[in-house]
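**Student:**
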Amino acid sequence: MPEATTPEGQTMSNWINTTISYVRSRAARNDKGQTAVEYLGIIAVVVAIVLAITGTDIGNTIYTAITDKINEVIGG
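Mapping to this note's numbering: the sequence shown position 32 is 13, numbers consecutive.
1. What are the boundary residues of the alpha helix (DSSP H) that G36 is part of?
2. What do you reckon, are the CB atoms on A25 and W(-4) nearer than 9 Å?
3. Would you mind working out which of I34, T37 and Y3 sits nearest E23, comparing C-alpha positions?
4. For T95, count neighbouring C-beta atoms within 10 Å of its own C-beta (all shown protein chains included) and say buried if the count is 16 or more, exposed if not.
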């Protein structure tokens, strides 16, 4: 996926990289179990992916495919 060139995209990209680095460093410490920060990091990455998908043509393609299949199932 190409990097965003807008200031907002760069801020999000930097924030995601920082979050991923933190999660990796926590995993390297051999701690047992997940912490709230790790869960928040995972949620942040998922939100970033969803935002990236919804802001592109692929997001619209996925949405259209899903709604078409739902309409086929319910007969609408």
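Even for Gly, the Cβ is constructed at its ideal location relative to N, Cα and C. For clarity, every value in this text was computed on a predicted model and none was experimentally measured.
**Tutor:** Short version:
1. Element bounds for G36: n/a, residue is neither H nor E.
2. yes
3. Looking at the sequence itself, residue 23 is Ile, so the reference to Glu does not match. I23 has its Cα closest to that of Y3, out of I34, T37 and Y3.
4. No information on residue 95 is available, as it lies outside the stretch -18 to 57 that the chain covers here.
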